[in-house]
Amino acid sequence: MEIVVLKRTSRILSGHLWVFSNELAESPKKFAPGSLLELRDRRDNFLGIGYVNPNSLISVRILTRQREEIDKGFFKRRISSALEYRMRFLRGADSFRAIFSEGDLLPGLIVDKYADTLSAQFLTLGMEARSDAVLEALDEVFSPRVIVLRNDSPARTLEGLALEKRVVKGSLEGPVVIRDGGLLFEIDPLSGQKTGFFLDQAENRRAFAQLTGAGEALDLFCNTGAWALHMARNGASVTGVDSSGTAVDAAKKNAELNGLADRCVFLKADVFEFAKGDLAKGRLYDYIVLDPPAFVKSKAKINEALRAYRELNSACMKLLKKGGLLATSSCSYHVNREAFMEVLRSSAKDAGKSVRIVETRSQAKDHPPLLSVPETEYLKCVILEAC
Numbered sequence: 174m175e176i177v178v179l180k181r182t183s184r185i186l187s188g189h190l191w192v193f194s195n196e197l198a199e200s201p202k203k204f205a206p207g208s209l210l211e212l213r214d215r216r217d218n219f220l221g222i223g224y225v226n227p228n229s230l231i232s233v234r235i236l237t238r239q240r241e242e243i244d245k246g247f248f249k250r251r252i253s254s255a256l257e258y259r260m261r262f263l264r265g266a267d268s269f270r271a272i273f274s275e276g277d278l279l280p281g282l283i284v285d286k287y288a289d290t291l292s293a294q295f296l297t298l299g300m301e302a303r304s305d306a307v308l309e310a311l312d313e314v315f316s317p318r319v320i321v322l323r324n325d326s327p328a329r330t331l332e333g334l335a336l337e338k339r340v341v342k343g344s345l346e347g348p349v350v351i352r353d354g355g356l357l358f359e360i361d362p363l364s365g366q367k368t369g370f371f372l373d374q375a376e377n378r379r380a381f382a383q384l385t386g387a388g389e390a391l392d393l394f395c396n397t398g399a400w401a402l403h404m405a406r407n408g409a410s411v412t413g414v415d416s417s418g419t420a421v422d423a424a425k426k427n428a429e430l431n432g433l434a435d436r437c438v439f440l441k442a443d444v445f446e447f448a449k450g451d452l453a454k455g456r457l458y459d460y461i462v463l464d465p466p467a468f469v470k471s472k473a474k475i476n477e478a479l480r481a482y483r484e485l486n487s488a489c490m491k492l493l494k495k496g497g498l499l500a501t502s503s504c505s506y507h508v509n510r511e512a513f514m515e516v517l518r519s520s521a522k523d524a525g526k527s528v529r530i531v532e533t534r535s536q537a538k539d540h541p542p543l544l545s546v547p548e549t550e551y552l553k554c555v556i557l558e559a560c
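In this note's numbering, the protein residues as written are 174 to 560.
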């Protein structure tokens, strides 16, 4: 195994798993893309083993701080440890994020479990180079009926990887049905958004639904209806809005699957225009969910994203009745918690509303942030009351 020397080690010694090119004592371009490297400091102290991609902004991602073989046995141990964590904190769940990249000390790997189906994403060249060993380990630990590769994330292009989607074990014959907080949802692991379902909001959906009851509810960016159905089950009459016709059709099917179609209306529409239309009509709601996609993919787009968040949150606050509740989220890592709270303060001012914070939340336990890698904590969810 080749050796790479770090000239800067403070972040790595603090537990971070990423090494940038300016932290290396030599150019990463001398190393074969995807190969394993032993990391040492200038005093020749061993720091860990990682894989390299000289063409990526992140030159090396650390896999281990120990001297050990990076083989199927290594991945099986890490995957088994990740599963033990989920069995401890997600008792009885049949669907969850099984591997959360750096959060499970497996940078570049995302795996979601949907009942008896696994949906895997290899996001980096180094992890892709070891995909056979990873897939064998996943198969041995989970014994799934189906394994799907969802290698269609734009992040792969930054690593020089092709985009693809395919089934590598078993066969998909129609959608997979999963349980989320006692409700049933049809999942398309091969074509649905992300790997098929938004698991990171699972605990937030349940927490907000417990605060709702009979009344008028609005679910913006409703996707396949998860927030809406949790509110509908608690007695609300819900209007769900999404710009994707495919998502809206799936939401309607999920409402029927749970016997909640009479309490839900799902519409294909531009969310910004829909909110403006409801404001013009003077319509008010008891409960609103605002769960938009990531508006910002890079630091260069932060101001543009903040304007969009402010516009939408202001509109939602104007649409709330007195005592009404708003669950609002941002999944953009580049918009940190402080910036998001400032957006909400500005939105309340724009709306001319006094707003209380009921609860602040983050991603579900199956998306565990690694304390030493702040980039792994990305989801902000705030429950507010118009007072």
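Note that CB positions come from ideal geometry on N, CA and C, so glycine has one too. Keep in mind the model is a prediction, meaning the values are calculated, not measured.
If one requires a minimum length of 3 residues, the beta strand (DSSP E) runs lying completely within the region 267-334 are 268-273, 282-287, 290-295, 319-324, in chain order.
Counting of Cβ neighbours within 10 angstroms places G207 among the buried residues, the total reaching 16 or more. DSSP links K342 through a beta bridge to I320.
S183 sits in a helix when the DSSP states are folded into three classes.
From the listed residues G418, L492, G408, the smallest Cα separation to L433 is found for G408. Between F447 and S503, the CB-CB gap reaches or exceeds 9 Å.
A Cβ-Cβ separation of about 6 Å places L308 in contact with V341 under the 8 Å criterion.
When C-alpha distances from F315 are compared across L334, R251, R329, L492, the shortest belongs to R251.
Look at E359 here: in three-state DSSP terms it is strand. Nearest to D443 by C-alpha distance, out of D459, L544, G418, is G418. Beta bridge pairing from DSSP links K441 with D415. A check of alpha carbon separations from N427 across E313, L402, A328, V414 identifies L402 as the nearest.
For T237, the secondary structure class from DSSP, reduced to helix, strand or coil, is strand.
Setting aside the 5 residues that flank it on each side, K553 is surrounded in the same chain by S503, R510, F513, each with a C-beta closer than 6 Å to its C-beta; the list follows chain order. When the alpha-carbon of D464 is set against those of F394, P542, I530, the nearest one is in F394. Rounded to whole angstroms, L179 and P227 show a C-alpha spacing of 15 Å. For F468, there is no enclosing alpha helix (DSSP H), as DSSP marks it with neither H nor E.
Assignment of beta strand (DSSP E) within the region 194-264, counting only whole runs of 3 or more residues, yields 209-214, 219-225, 231-237 in chain order. DSSP places S503 in the strand class (E or B) of the three-state scheme.
Across the set F439, G386, S410, the C-alpha of F439 shows the shortest separation from the C-alpha of D422. In the three-state reduction of the DSSP assignment, L336 falls in the coil class, being assigned neither a helical nor a strand state. Excluding its 5 nearest sequence neighbours in each direction, A380 has C-beta neighbours in its own chain below 8 Å: E532, R534, I556, listed in chain order. Apart from the 5 residues on each side of it in sequence, S416 sits with its Cβ closer than 6 Å to the Cβ of D443 in its chain, given in chain order. The beta-carbon separation of L296 and S326, rounded to 6 Å, stays under the 8 Å limit for a contact.
The continuous alpha helix (DSSP H) containing C489 extends over residues 475-491. For the pair A293 and T368, the CB atoms are nearer than the 9 Å cut-off.
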